[in-house]
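J.: Following this message is one structure expressed as structure tokens.
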Amino acid sequence: MLFVEQAIRMLLKEEGPMERELLIRQVYNDMKLPDLEPFIESTLGLMIGKNEVKFDEDGKLHL
Numbered sequence: 001m002l003f004v005e006q007a008i009r010m011l012l013k014e015e016g017p018m019e020r021e022l023l024i025r026q027v028y029n030d031m032k033l034p035d036l037e038p039f040i041e042s043t044l045g046l047m048i049g050k051n052e053v054k055f056d057e058d059g060k061l062h063l
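Residue numbers (our numbering): 1 to 63.
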């Protein structure tokens, strides 16, 4: 889970705010691991729940 969190943080820092589905797809594509999308989605959900990742006024995610 930690490597997924790091990938999410890295993308948000480099790319700026992103829509949730785009962020999940980008992490999945960058990591190139099969069947990882549900794990990325659940990890992102946990990060949102802990306020580590937040939504902006446009509904995009950011740190």
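Glycine included, C-beta positions come from ideal geometry on N, C-alpha and C.
Pick helix, strand or coil for Lys-32, following the three-state DSSP scheme.
T.: Indexing the sequence shown from 1 puts residue 32 at position 32. Note: Lys-32 maps to coil in three-state DSSP.
J.: Just mark Met-10 as buried or exposed, buried being the case when its beta carbon has 16 or more other beta carbons within 10 Å.
T.: Taking the sequence shown and counting its residues from 1, the one referred to as residue 10 is at position 10. Result: exposed.
J.: Would Leu-44 be called buried (16 or more neighbouring beta carbons within 10 Å of its own) or exposed?
T.: On the sequence shown, position 44 is the one that residue 44 refers to. Leu-44 is buried by the Cβ-count criterion.
J.: Quick one: measure Cβ to Cβ for Val-4 and Ile-40, integer angstroms, because I've assumed they're closer than 8 Å.
T.: Counting from 1 along the sequence shown, the entry for residue 4 is found at position 4. Counting from 1 along the sequence shown, the entry for residue 40 is found at position 40. Sure, about 6 Å apart at Cβ, within 8 Å.
J.: Classify Leu-61: buried if its beta carbon has 16 or more other beta carbons within 10 angstroms, exposed otherwise.
T.: Along the sequence shown, read from residue 1 onward, the residue named residue 61 stands at position 61. Buried, since its Cβ has 16 or more Cβ neighbours within 10 Å.
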